[in-house]
Amino acid sequence: MNYNVDEKGYYGEFGGAYIPEMLYPNVEELRQQYIAVMSSPEFQEEFQSLLREYVGRPTPLYFAKRMSEKYGAKIYLKREDLCHTGAHKVNNTIGQILMAQRLGKKRIIAETGAGQHGVATATVCALMGLECIVYMGEIDIARQAPNVARMKMLGATVVPALSGSRTLKDATNEAIRDWINNPTDTHYIIGSVVGPHPYPDMVARFQSVISEEIKAQLQEKEGRSNPDFVVACVGGGSNAAGAYYHYLDQPEVGIIAVEAAGKGIHSGASAATSALGKMGIIHGSKTLLMQTDDGQITEPYSISAGLDYPGVGPMHAHLFTSGRGEFISVTDDDAMNAGLALSKLEGIIPAIESSHALAIFETRKFKKDDVVVVNLSGRGDKDLNTYIEYFKL
Numbered sequence: 000m001n002y003n004v005d006e007k008g009y010y011g012e013f014g015g016a017y018i019p020e021m022l023y024p025n026v027e028e029l030r031q032q033y034i035a036v037m038s039s040p041e042f043q044e045e046f047q048s049l050l051r052e053y054v055g056r057p058t059p060l061y062f063a064k065r066m067s068e069k070y071g072a073k074i075y076l077k078r079e080d081l082c083h084t085g086a087h088k089v090n091n092t093i094g095q096i097l098m099a100q101r102l103g104k105k106r107i108i109a110e111t112g113a114g115q116h117g118v119a120t121a122t123v124c125a126l127m128g129l130e131c132i133v134y135m136g137e138i139d140i141a142r143q144a145p146n147v148a149r150m151k152m153l154g155a156t157v158v159p160a161l162s163g164s165r166t167l168k169d170a171t172n173e174a175i176r177d178w179i180n181n182p183t184d185t186h187y188i189i190g191s192v193v194g195p196h197p198y199p200d201m202v203a204r205f206q207s208v209i210s211e212e213i214k215a216q217l218q219e220k221e222g223r224s225n226p227d228f229v230v231a232c233v234g235g236g237s238n239a240a241g242a243y244y245h246y247l248d249q250p251e252v253g254i255i256a257v258e259a260a261g262k263g264i265h266s267g268a269s270a271a272t273s274a275l276g277k278m279g280i281i282h283g284s285k286t287l288l289m290q291t292d293d294g295q296i297t298e299p300y301s302i303s304a305g306l307d308y309p310g311v312g313p314m315h316a317h318l319f320t321s322g323r324g325e326f327i328s329v330t331d332d333d334a335m336n337a338g339l340a341l342s343k344l345e346g347i348i349p350a351i352e353s354s355h356a357l358a359i360f361e362t363r364k365f366k367k368d369d370v371v372v373v374n375l376s377g378r379g380d381k382d383l384n385t386y387i388e389y390f391k392l
């Protein structure tokens with residue numbers, strides 16, 4: 000079975016481009032050109048140069064000695080938290096800003112939940128001197144205040160989404176509305192492996208630098224390029240797609256995706272799409288999403304602003320339904336405790352998104368010789384207020 004996108008934009012039965020007619024020219028222009036643009040030597044040279052000199056790649060693959068001793072496996076952390084801006088998101092925004100320039104776009108829009116994608120978009124717009132508008136749910140603006148301040152310092156206009164749950168889903172709706180109204184001069188930098196084809200594939204390709212580096216780094220550290228397991232948190236799923244990318248068609252590598260169970264999978268306050276989702280269409284693609292019996296999208300919940308999305312990207316929907324990926328749901332409480340544990344064991348304060356991935360070691364057992372790579376997708380600075388309130392620090 001193939002786990003990459005096919006020529007029609009599908010991962011198995013998931014994907015495609017379900018878009019209003021007004022958006023068709025934008026999406027079609029991108030679809031026709033993205034592969035050729037990305038594979039051109041000039042593009043790759045500029046992209047790789049910026050990843051190296053601006054983002055700070057390669058990021059380290061760190062052997063977590065004390066954590067490994069505690070959980071009885073060889074645990075490596077892929078340190079995406081050390082990227083410029085503090086998360087993996089910038090890998091994609093660097094790629095997409097170069098794409099936008101080559102398509103002649105002068106205005107950039109984006110959506111953001113935790114704020115990391117918004118910061119990464121505002122960062123590259125400042126770098127390239129392009130106008131930047133970021134849509135963000137009103138609730139997320141309140142709980143991610145440091146990132147909102149960073150976006151404004153970088154020159155972006157932050158527009159609150161005031162409808163629905165006032166979180167990531169609603170910010171995405173607002174960004175799509177903007178794009179429909181400004182089709183010719185605007186490029187929409189989607190921050191995850193969601194949206195209409197070619198976005199899920201394009202974002203995954205830009206993020207695949209993560210697994211490309213893991214292969215080389217593991218070869219150096221372990222004498223083999225394949226781990227036994229790759230673990231990542233999944234909301235929309237761009238950090239996970241990047242960590243899995245070069246291992247998708249290698250069945251000997253276990254793929255573990257960790258979702259946010261919120262207050263419990265069946266509590267009514269959850270974002271565990273694999274457990275609760277059914278096939279449907281959201282933001283331009285067919286995927287698994289949480290919805291009522293009559294097809295209304297259910298409001299997701301997670302203590303982590305980056306994971307409270309009601310669906311997953313089509314790649315992850317296919318990994319789940321095909322059985323290629325093992326999906327685990329982690330509650331707020333378990334994630335918060337895992338974040339505190341990593342801080343005390345390794346001196347690394349993770350983003351709460353990443354803490355979900357770390358939480359599996361309390362219940363998911365591994366063999367002593369298993370090499371387990373966890374994608375540490377972001378750092379915890381943006382979440383300090385949430386940690387402070389939760390632990391009464």
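Take numbering that gives the first Met the number 0: the last position of the sequence shown gets the number 392, and nothing is skipped along the way.
Note that the Cβ used here is the ideal one computed from N, Cα and C, for glycine as well.
It should be emphasised that the depicted structure is a prediction, and the values quoted were computed from it without experimental measurement.
Cβ contact annotation for Ala316 (same chain, cutoff 6 Å, sequence separation greater than five): Phe13, Thr286 and Leu287, in chain order.
Within the same chain, Leu50 come within 6 Å of Arg56 by CB-CB distance, once the 5 residues on both sides are set aside.
For Pro24, the enclosing alpha helix (DSSP H) starts and ends at Tyr23 to Ser38. Residues of the same chain with a CB within less than 6 Å of the CB of Gly163, apart from the 5 flanking positions on each side, are Asp169 in chain order. The alpha-carbon of Ala337 is positioned some 43 Å away from that of Arg101.
Judged by DSSP in its simplified three-state form, Glu258 adopts strand.
Residue burial is scored here from C-beta neighbours: Glu258 has at least 16 other C-beta atoms within 10 angstroms and is therefore classed as buried. A contact is defined here as three or more CB-CB pairs under 8 Å, and the stretch 233-245 meets this definition with respect to the stretch 189-199.
The C-alpha of Gln95 is placed about 14 Å away from the C-alpha of Gly128.
Per the DSSP secondary-structure output, Ile188 pairs in a beta bridge with Ala109.
Its chain contains Tyr386 as the residues whose beta carbon lies nearer than 7 Å to that of Leu392, once the 5 sequence neighbours on both sides are disregarded; these appear in chain order. Here the C-alpha atom of Ile18 lies approximately 10 Å from the C-alpha atom of Asn25.
Looking at the DSSP output, Asn374 sits in a beta bridge with Lys77. Cβ neighbours of Met201 within its own chain (closer than 8 Å, five residues either side excluded): Leu29, Tyr33, Met37, Gly94, Gln95 and Met98. Judged by DSSP secondary structure, Phe326 falls within the beta strand (DSSP E) whose first and last residues are Gly324 to Thr330. In summary, Met278 is exposed, with fewer than 16 beta-carbon neighbours lying within 10 Å of its beta-carbon over all protein chains present. A Cβ-Cβ contact shorter than 9 Å links Ala256 with Phe326. With respect to the C-alpha of Pro195, the residue from Tyr389, Phe390, Val4 and Glu388 having the closest C-alpha is Val4. In this model, Arg78 and Leu161 are separated by some 34 Å (Cα to Cα). In summary, Phe360 is buried, with 16 or more beta-carbon neighbours lying within 10 Å of its beta-carbon over all protein chains present.
Beta bridge pairing from DSSP links Lys277 with Leu288. In terms of Cα proximity to Tyr389, the closest of Val208, Val230, Glu137 and Asp331 is Asp331. Non-local C-beta neighbours of Gly263 in its own chain, meaning closer than 7 Å and more than five positions away in sequence, comprise Ser269 and Thr330, ordered along the chain.
With the rule of 3 Cβ pairs closer than 8 Å, the stretch 345-359 does not count as touching the stretch 210-225. With 16 or more other CB atoms across the displayed protein chains lying within 10 angstroms of its CB, Pro309 is buried.
Arg142 sits buried, since 16 or more C-beta atoms from the chains shown fall within 10 Å of its C-beta.
Assignment of Glu251 by DSSP, reduced to helix, strand and coil, places it in the coil class. The straight-line gap separating the alpha-carbon atoms of Leu126 and Met21 is approximately 30 Å. DSSP, read as helix, strand or coil, puts Met135 in strand. The three-state reading of DSSP puts Val157 in strand, counting E and B together. Contact check between the stretch 141-160 and the stretch 66-73: fewer than three CB pairs, one atom from each, fall below 8 Å, which does not count as touching. Between Thr122 and Val157, the C-beta gap is not smaller than 9 Å, which leaves the two residues out of contact.
The beta carbons of Gly305 and Gly377 sit closer together than 9 Å. For Val4, the secondary structure class from DSSP, reduced to helix, strand or coil, is coil. When C-alpha distances from Leu247 are compared across Val118, Leu344, Leu318 and Asp80, the shortest belongs to Leu318. With contacts defined as CB atoms closer than 9 Å, Gln115 and Ala144 fail to qualify as a contacting pair.
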